[in-house]
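Worksheet for the structure shown next.
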Amino acid sequence: MGPKKKANVRGSGVLYHSVGALGADAGFWMRSQEFQVEEGRCGDYWGCAGGSAEIPVVKKDGNNYFYSPQGNMTAFSDGNAQGRHCKKQGTGNEKPVGEWNTLDLYCHGDTSIHVVNGKVAMVLYHNSQSDKGEFTPLIKGKIQLESEGAELFYREIMVQGIEGLPAALLKE
Numbered sequence: 063m064g065p066k067k068k069a070n071v072r073g074s075g076v077l078y079h080s081v082g083a084l085g086a087d088a089g090f091w092m093r094s095q096e097f098q099v100e101e102g103r104c105g106d107y108w109g110c111a112g113g114s115a116e117i118p119v120v121k122k123d124g125n126n127y128f129y130s131p132q133g134n135m136t137a138f139s140d141g142n143a144q145g146r147h148c149k150k151q152g153t154g155n156e157k158p159v160g161e162w163n164t165l166d167l168y169c170h171g172d173t174s175i176h177v178v179n180g181k182v183a184m185v186l187y188h189n190s191q192s193d194k195g196e197f198t199p200l201i202k203g204k205i206q207l208e209s210e211g212a213e214l215f216y217r218e219i220m221v222q223g224i225e226g227l228p229a230a231l232l233k234e
């Protein structure tokens, strides 16, 4: 790990519903939705290369948007006023460095839920992709594991089908 990365937080992500060309986002990633896996920001959302979503949020600290089930439904995508990043609710539920975190990602239809150590970090609605201003549903695709030059380990990765989203998680 280079000296620049040692001075910064370790960052990564799970990119899902990945479609289109490799390298569409910053020369690396396909169009996708990102479940951020970064120290202090685990559970945040990033739309990659035209990935977009509607998320209920509250605006704080200038131009920062935080997920809140009681917030105003707001569209996040490249080129709009909010941009393509939304922060998780609360201060997070991450474990200290060196301990394992459990991430659960639920996707059904055009809705997804980011869960960190059993606590809902965010619910995304109307996952879609933007092509020259036209939005179409983004409901399936590949999974990419992002690395930003810092050591990170994944284990016990499981993928399984679901019949629907757990109703209790939609209320958190």
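With my numbering applied, the sequence shown closes on residue 234, and no number is skipped along the way.
Cβ atoms here follow ideal geometry from the backbone N, Cα and C, with glycine treated the same way.
By how many angstroms is the C-alpha of residue j removed from the C-alpha of residue i?
i           : j           : result
residue 76  : residue 129 : 18 angstroms
residue 225 : residue 165 : 20 angstroms
residue 194 : residue 78  : 21 angstroms
residue 163 : residue 196 : 37 angstroms
residue 103 : residue 212 : 15 angstroms
Contact defined as beta carbons within less than 8 angstroms: I believe residue i pairs with residue j. What is the distance between those atoms, to the nearest angstrom?
i           : j           : result
residue 109 : residue 90  : 15 angstroms between Cβ atoms; not a contact.
residue 112 : residue 192 : 5 angstroms
residue 118 : residue 134 : 7 angstroms
For the candidate residues the options, whose alpha-carbon lies nearest to that of residue i?
i           : options              : result
residue 229 : 146, 168 and 156     : 168
residue 227 : 171, 179, 125 and 82 : 171
residue 234 : 121, 83, 198 and 180 : 180
Between which two residues does the alpha helix (DSSP H) carrying residue i extend?
i           : result
residue 200 : Counting along the chain, residue 200 falls outside any alpha helix (DSSP H), and DSSP gives it neither H nor E.
residue 231 : 229-232
Starting from residue i, trace the beta strand (DSSP E) both ways and give me its first and last residue.
i           : result
residue 165 : 165-170
residue 157 : Run containing residue 157: none; DSSP gives neither H nor E here.
Using a Cβ distance threshold of 8 angstroms, determine whether the segment 217-230 contacts the segment 143-158, with at least three qualifying pairs required. Verdict: no, contact absent.
How about the segment 202-212 and the segment 90-101: do they share at least three Cβ pairs that are nearer than 8 angstroms? Touching, per the Cβ criterion.
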